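Whatever position you read off the sequence shown (first residue = 1), add 9 for our numbering.
Every residue gets a Cβ at the ideal spot worked out from N, C-alpha and C, and that includes glycine.
This one's a predicted model, so the numbers in the text were calculated from it and none came from an experiment.
Okay, so here's the structure we're looking at.
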Amino acid sequence: MLETQIILEGKRVRLIPASYEHLNELFMASNHREIWTYSPSTISKIEHMEKVMNKWMESKEQGFRYPFVIFDKNTNEIVGSSSYLDISLHNRNLEIGGTWLNPKVWRTRINTECKYLLLKYGFEDLNLVRVQFRTDTRNDRSNLAIQKIGAKFEGSFRQEMILHDGYIRDSNVYSILDNEWVNVKEKLLGFLLN
């Protein structure tokens with residue numbers, strides 16, 4: 010199980026452990042239909058956010074998930090969320106996922122900096138040997154972003170999950186291994202310097 014207070018800070022973002030005190034701000038950030046196109050859930054009411062938060066906290070208690078809120082230091086507001094998922098410290102691997110951002114910060118450095126902070130902590134503090142990502146095969150923006158940072162495509166899970174609109178999703182799987190981290194880190198830092 011991960012420690013209870015992991016706070017990761019970059020130039021633009023601060024990743025803070027998600028808690029019920031963030032509920033209203035998370036709902037405000039998440040209440041945009043275009044966020045949920047490729048997702049198993051959708052958030053359009055505060056009750057949806059409460060249900061999601063309950064699931065997060067239950068999974069966190071069980072040691073399977075560690076949810077973060079993404080705080081934009083430029084605007085002093087929560088703009089999204091990301092998580093460590095399917096945590097297996099025994100096998101020294103996990104997934105970075107459940108990531109969503111308010112559309113107003115799409116195509117900014119925020120997602121890149123979040124990935125950098127999460128990967129850096131994973132490989133350098135948790136001593137992981139593998140980090141994986143999964144995304145809808147149709148989600149070109151997400152697939153390209155994952156490939157751009159240097160994650161390797163491993164294949165697709167066919168009919169892996171049913172989305173909120175009933176669509177049966179195929180997911181692409183990518184990974185970064187510990188011996189690839191140095192190159193990925195260099196690439197991410199290069200993006201963040203520009």
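The Cβ atoms of Phe-142 and Ile-155 sit closer than 7 angstroms to each other.
Counting every other CB atom within 10 Å of its CB across the protein chains shown gives Thr-84 a total below 16, marking it as exposed. A straight line joining the alpha-carbon of Leu-11 with that of Leu-135 spans about 9 angstroms.
Ranking Ile-44, Cys-123, Ala-160 by CA distance to the CA of Lys-113 puts Ile-44 first. A distance of 7 angstroms or more separates the beta carbons of Leu-17 and Tyr-93.
For Thr-46, same chain residues with a beta-carbon under 7 angstroms away, outside a window of 5 residues either side, do not exist. Check the Cα spacing between Ser-165 and each of His-31, Leu-197, Asn-152: the tightest is with Asn-152. With contacts defined as CB atoms closer than 7 angstroms, Ile-79 and Val-88 qualify as a contacting pair. By alpha-carbon distance to Arg-178, the top candidate from Val-138, Lys-196, Thr-13, Asn-148 is Asn-148. Judged by DSSP in its simplified three-state form, Gly-159 adopts coil rather than helix or strand. Going by C-alpha positions, Glu-86 is about 27 angstroms away from Phe-73. An exposed status is given to His-99, since fewer than 16 other beta-carbon atoms sit within 10 Å of its beta-carbon.
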